[in-house]
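Enquirer: Quick one: the structure is below, questions incoming.
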Amino acid sequence: MEFEWMTRGKCRMLPPATFFPSDGVGVDVARRICADCPVKSPCLEYAMANHIDHGVWGGTSERERRRLARGRRHLTVVQSH
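Residue numbers (the working numbering): 98 to 178.
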């Protein structure tokens, strides 16, 4: 099953609002929950692949995912030359 990893996330028993905070303190709370989650990597990759720009996914904020996406695009451009 493609999304089976979602059933093993530490977030599955918490209110979704926990991972869609309105401030930096909320982001820190969500990151702490994600820190040792067994599906942190597939969660981040899911968010990146689907261009999810809200909430904390794979322990990263929206800003961090944008930075990662820019870095990946830059790496792709450099490798293609």
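Glycine included, every Cβ here is placed at the ideal spot set by N, Cα and C.
For Gly106, collect the residues of the same chain with a Cβ closer than 7 angstroms to its Cβ; drop the 5 residues on either side in sequence, then sort them by chain order.
Expert: Cβ within range, chain order: Cys134, Val136, Cys140.
Enquirer: Just to confirm, are Gly155 and Cys131 a CB contact at a threshold of 8 angstroms?
Expert: Yes, Cβ-Cβ distance for Gly155 and Cys131 is below 8 angstroms.
Enquirer: Exposed or buried, which one is Arg164 when buried takes at least 16 other CB atoms within 10 Å?
Expert: The residue is exposed, with fewer than 16 neighbouring Cβ atoms inside 10 Å.
Enquirer: In the DSSP assignment, what residue or residues form a beta bridge with Trp154?
Expert: DSSP output for Trp154 lists Thr157 as bridge partner(s).
Enquirer: From the DSSP output, in three-state form, read off Ala132 for me.
Expert: Reduced to three states, the DSSP call for Ala132 is coil.
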